[in-house]
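Written out below as structure tokens is the structure these notes cover.
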Amino acid sequence: MSDSDPSMPQPEPSRRDFLRRSLKACAAIAATGGLAAYLWDRHPPGTLGRGEAGLSLPDFSIRDGGARIAIITGSDRVRTLRRGLDALGGIGRFIRRGDRVLVKVNAAFAAPAVLSATTHPDVAAELVRLCLGAGASGVIVTDNPINDPESCFALTGIGAAVASAGGTVVLPRAGDFAPGTLPGGRLIRDWPVLQGPFRGVTKLIGVAPVKDHARAGASMTIKNWYGLLGGRRNQFHQDINGIIVELAQLVRPTFVVLDGTTSMMTNGPTGGSLADLKPTHTLVVGTDPVAADAFGATLLGKTFRDLPYLVRAAGLGCGTTDFDSLKPVRDAVS
Amino acid sequence: MKITTARRLAQIFFFAIFVWLVLVATVGTGWTQWRGWPISWFLQLDPLVAAGTALTTHSLNPGLAWALATIVLTILFGRVFCGFVCPFGAIHQFVGWLSRRIRRPREKIALNAYRPAQAVKYYILAALLGAAAFSTGSAFVGRLHIGLLDPIPLLSRSFNLVVLPAADLAFERVFPAGRFSSGAALVGGLFIAFVLLNLWIPRFYCRFVCPLGALLGIFARRTLWGIGKTGRKCSECSLCDVDCEGACNPMGPIHVSECLMCMNCLDTCPGAEPLGYLERPSQGGEVTSHGVTRRGFLVAALGGLSAVPLARLGGARTAWSPALIRPPGSVAEEEFLARCIKCCECVRVCPTNVLQPATFEHGWEALWTPALNNRIGTSGCQLNCIACGQACPTGAIRPLSLDQKQGSGGFEAAGAVRIGLASVDRGRCLPWAMDRPCIVCEENCPVTPKAITVSEIEQTVRDGAFEVASAKGAVLRIRGARLAPGQFASGDYACKLASEERGRAIVANTEDTLTIDAAAAWPEPPAQGARVEVQIRLQRPVVDPSRCIGCGVCEHECPMNGLRAIRITADNETRDPRHSVLLAAHAAEPSSHTSP
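If you read the protein sequences in the order shown, they are chains A and B.
Just so we're aligned: 182 in the numbering used here is position 182 of the first sequence, and the numbers increase by one with no gaps anywhere.
Counting from 1 along the second sequence, just add 334 to a position and that's the residue number in the numbering used here.
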């Protein structure tokens with residue numbers, strides 16, 4: 001080919017030559033076609049149906065003897081937490097040897113613990129210690145906060161406290177979110193839910209402070225599950241009660257801890273000043289988040305009637321707003 | 335140990351330190367985090383940074399005194415900074431070596447011959463310093479653009495914004511949430527271009543472009559010791575040029591200012607020490623001029639000088655960009671541009687990635703200076719963070735304490751530092767414009783008391799007037815309605831009689847019934863035929879400019895995804911009283927924010 005001089009007469013192509021070239025051409029066509037068939041997208045963008053494609057979270061609750069709740073007064077979080085758990089039968093009733101525990105804290109803001117905008121590190125660390133003491137194989141502490149995740153876990157003190165107690169802080173990465181769907185849900189459909197840290201987890205504990213919230217009325221243990229949502233979750237503020245009700249349905253924890261040792265009465269949920277806080281010296285441990293939050297509302301000078309999501313969640317069987325009907329264990333530790 | 339081995343070890347050592355200091359510039363207390371590491375040390379060692387900022391501000395920011403060490407080193411021993419210390423130089427030398435390992439000596443000798451074009455870097459230096467030098471009192475402040483080409487800021491910028499984030503894509507260790515920089519392609523492209531130019535001519539950047547090398551070349555002109563001929567027999571074989579990094583013609587007469595002190599000539603010379611590192615002058619003759627004509631130098635300096643009035647004629651002083659949000663502690667814009675060296679250390683340490691290198695959207699002068707972009711990153715400017723000011727080597731961002739930033743602990747009178755002001759776009763805001771509840775901005779406002787408050791309103795929804803068909807307890811059956819079940823059950827809706835002031839909360843609805851909260855229901859159910867209206871309770875965000883610090887958390891969180899419905903502008907920023915919005919703020923003394 002290289003010495004094809006136009007002035008020279010080209011040799012006649014032989015039959016053999018022609019067949020060989022035809023064969024090569026056929027092979028090239030077949031290879032291209034095969035590659036196209038291999039790459040053929042049966043579900044190109046735009047044809048995916050929205051629906052129940054996502055995952056849902058497993059039920060982590062323990063069903064023996066019905067819901068229980070303990071309301072302990074006192075200013076020492078570690079002692080009220082321990083007393084509360086003892087009142088419900090001890091941590092061993094919830095956490096068994098070999099359990100892998102996920103503790104969902106509220107680490108939403110990069111603010112120091114003293115401002116009570118986030119879960120207190122003492123409570124988080126004590127929960128880790130208690131779980132490990134009960135034989136848990138590992139305790140993961142996580143949240144998808146509003147402010148910068150690293151700053152949040154560092155500034156709140158949760159990161160250091162959990163690490164020194166032997167727990168593992170997991171900061172959410174992009175790959176940790178997978179589409180989740182609440183069966184029968186209206187809002188949580190194919191929505192990014194923090195699923196990565198749940199791998200292998202057998203028990204779930206929620207631990208949240210008691211805070212004022214202008215849109216939702218109050219932010220407590222159920223609103224705390226908001227931190228499991230990813231994506232542009234702020235859109236849910238258009239139906240804040242609806243999303244909190246769906247979170248109550250989606251997340252069935254082993255137990256929750258509502259820390260009302262200090263309550264944020266105003267300027268919530270960010271706070272930022274000690275003037276926003278009030279010592280209410282109460283900590284609730286319970287297996288019914290609705291009941292825990294219904295009691296928590298009273299610390300803010302409200303009732304469950306002021307929080308439509310509690311009424312609706314109770315109506316859907318997520319718990320009871322009549323916390324007294326659970327015969328709460330009340331005690332005081334000084 | 336051979337001197338070239340020592341040089342290689344030094345280059346590896348300093349390059350490793352440079353990379354380490356880029357790596358650890360993450361806010362935190364771990365030993366692989368910032369803690370106390372001197373992350374800006376290489377920038378402080380850079381005499382061009384010191385000289386440039388000294389020209390524009392007539393002062394030397396503390397820390398930049400390190401540059402003296404480099405100058406002393408150069409005056410005594412020549413450009414050892416270029417040969418032994420400079421991490422960018424190390425990259426150039428390594429790439430040049432890698433690409434020419436199998437080239438013949440004759441080709442390499444030709445490549446390493448002195449070229450008159452090496453004078454270009456002196457003209458670049460003259461233009462940059464000319465722009466910096468222009469200042470007459472407070473009216474005209476010099477423009478500092480050395481950072482565009484100064485190797486240490488250039489390399490810092492490239493590693494901070496491109497090399498480290500790119501490498502971390504594989505590990506997600508340094509930046510778990512990913513790291514993004516606007517215009518990263520331009521930063522990285524310039525870096526890659528300069529690195530690849532080594533394939534054409536070795537140390538292209540060092541020989542023709544580097545303004546720091548030019549500055550050091552001027553200091554090296556009268557260096558006490560240097561490479562030179564000893565006077566012993568030289569066969570003039572040119573082998574000293576084979577690996578000559580500076581293209582300085584060591585065989586003589588040597589271009590003293592061009593010698594990078596790579597020491598390769600001592601290694602490749604086959605003779606009995608005709609070359610050595612010795613007291614000057616060289617026995618083989620010297621060229622101490624830089625190949626620069628006085629006229630050319632003057633023209634370049636004047637050209638740079640003219641940039642100042644030209645920039646001012648752009649009118650940016652009065653038509654300043656309201657979209658340009660500088661980090662907290664920044665000095666006023668004119669002085670900011672006189673101090674910022676575009677190293678992007680602040681951008682690197684910003685924990686949320688909200689601090690971004692400006693591209694051209696704020697004018698060409700702001701290229702690669704830090705500006706907040708509240709749509710990038712994990713959050714807005716964090717209330718309890720002062721990292722950027724602590725990282726800035728030149729005082730463009732002052733090192734605030736937390737109390738200074740927040741206006742607490744003795745700084746109450748000065749108040750919190752404001753970097754801008756949020757304003758609600760009532761044409762886009764969900765509760766203002768579209769009758770949907772939201773107030774995410776109010777929730778996330780970190781200031782206490784909140785700078786965003788809400789104004790509450792209850793207003794009748796579209797097609798929301800009905801006639802009562804019948805009423806039983808708290809349940810109203812309404813005539814002719816086809817409601818979506820649950821449509822008014824979100825807790826945000828109320829039902830009111832035409833005669834009433836306020837509505838009563840709706841807790842549920844079906845296609846044609848409304849259920850009122852039993853605790854709030856009418857004592858007497860409304861009569862058949864009564865007119866009722868369904869109202870939505872809206873909380874609409876309102877910004878208090880006396881409290882807003884412009885942190886941008888609200889803008890970052892606003893669910894209006896594209897153009898946010900609450901946005902920060904530089905209005906009311908503390909750093910320039912002329913930008914204030916409120917009457918009281920006018921009383922503040924301008925000098926407290928602008929003096930160096």
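All C-beta atoms in this analysis are idealised placements derived from N, C-alpha and C, irrespective of residue type, glycine included.
Since this is a predicted model, take the numbers as computed values, not measurements.
- For Asn446 (chain B), the closest alpha carbon among the candidates B:Asp759, B:Pro396, B:Gly754, B:Cys574 is that of B:Cys574.
- Distance from Asp143 (chain A) to Val105 (chain A) at the Cβ level is roughly 5 Å; contact confirmed, criterion being Cβ atoms closer than 8 Å.
- Cβ-Cβ distances below 6 Å link Asn707 (chain B) to Gln690 in the same chain, with the five nearest sequence neighbours on each side left out; the list follows chain order.
- Under the 10 Å beta carbon count, His913 (chain B) is surrounded by 16 or more other beta carbons and is classified as buried.
- For Trp375 (chain B), the three-state secondary structure derived from DSSP is helix.
- For Glu699 (chain B), there are no neighbours in chain A by C-beta distance under 9 Å, as the nearest C-beta there is about 30 Å away.
- Close CB contacts of Ala700 (chain B) within its chain, under the 7 Å cut and outside five residues either way in sequence, are with Leu658, Ala692 (chain order).
- Judged by beta-carbon spacing, Pro860 (chain B) lies beyond the 7 Å limit of Val915 (chain B), meaning their Cβ atoms are not closer than that value.
- Counting along the chain, Asp797 (chain B) sits inside no alpha helix (DSSP H); it lies in the beta strand (DSSP E) bounded by residues 786-806.
- With a cut-off of 8 Å on Cβ pairs, the region 529-546 of chain B is in contact with the region 418-428 of chain B, counting three or more such pairs.
- Here Val356 (chain B) is near Phe493 (chain B), since their CB atoms are less than 7 Å apart.
- Taking 8 Å as the upper bound for CB-CB distance, Gly884 (chain B) and Glu907 (chain B) are in contact here, some 7 Å apart.
- Taking a contact as a CB-CB distance under 8 Å, the pair Thr408 (chain B) and Leu550 (chain B) counts as one, their CB atoms being some 5 Å apart.
- Judged by DSSP secondary structure, Ser914 (chain B) falls outside any beta strand (DSSP E); it is assigned neither H nor E.
- At least 7 Å separates the beta-carbon of Leu482 (chain B) from that of Pro727 (chain B).
- In the DSSP assignment, Ile243 (chain A) falls within the alpha helix (DSSP H) that extends over 240-250.
- When DSSP states are grouped into helix, strand and coil, Gln345 (chain B) belongs to the helix group.
- Within 7 Å of the CB of Arg770 (chain B), the CB atoms of chain A belong to Gln238, in sequence order along the chain.
- With fewer than three CB-CB distances shorter than 8 Å, the region 410-421 of chain B does not count as touching the region 435-446 of chain B.
- Its Cα nearest to that of Arg330 (chain A), the residue A:Ala292 stands out among A:Asp239, A:Ala292, A:Ala214.
- For Ala842 (chain B), the enclosing beta strand (DSSP E) has its first and last residue at 838-843.
- Of all C-beta pairs linking the region 892-907 of chain B to the region 754-768 of chain B, three or more are shorter than 8 Å, placing the two stretches in contact.
- Contact with chain B is absent for Gly180 (chain A), since none of that chain's Cβ atoms lies less than 7 Å from the residue's Cβ.
- Residue state for Ile436 (chain B) is assigned as coil, using DSSP reduced to three classes.
- Cβ neighbours of Ser273 (chain A) within its own chain (closer than 6 Å, five residues either side excluded): none.
- Nearest CB-CB separation between Gln235 (chain A) and chain B: below the 7 Å threshold.
- In the three-state reduction of the DSSP assignment, Cys568 (chain B) falls in the coil class.
- The beta carbon of Asn598 (chain B) lies closer than 7 Å to those of Thr338, Asp577, Cys578, Glu579 in the same chain, with the five residues before and after it left out.
- Check the Cα spacing between Ala161 (chain A) and each of A:Ile146, A:Asp122, A:Leu85: the tightest is with A:Asp122.
- For Ser757 (chain B), the enclosing beta strand (DSSP E) has its first and last residue at 755-758.
- Counting only runs that start and end inside the region 491-578 of chain B, the alpha helix (DSSP H) elements of at least 4 residues fall at 498-502, 518-530, 545-554.
- Chain B has no Cβ within less than 7 Å of the Cβ of Asn106 (chain A).
- Excluding its 5 nearest sequence neighbours in each direction, Ala134 (chain A) has C-beta neighbours in its own chain below 6 Å: Ile91, Gly92, Ile95, listed in chain order.
- Counted as a single uninterrupted DSSP element, the stretch harbouring Pro179 (chain A) is not any alpha helix (DSSP H) but the beta strand (DSSP E) occupying residues 177-180.
- For Asp99 (chain A), same chain residues with a beta-carbon under 6 Å away, outside a window of 5 residues either side, are Ala136, Thr202, Lys203 in chain order.
- Ranked by how close their Cα comes to the Cα of Asn241 (chain A), the residues A:Met264, A:Thr181, A:Asp306 have A:Asp306 in first place.
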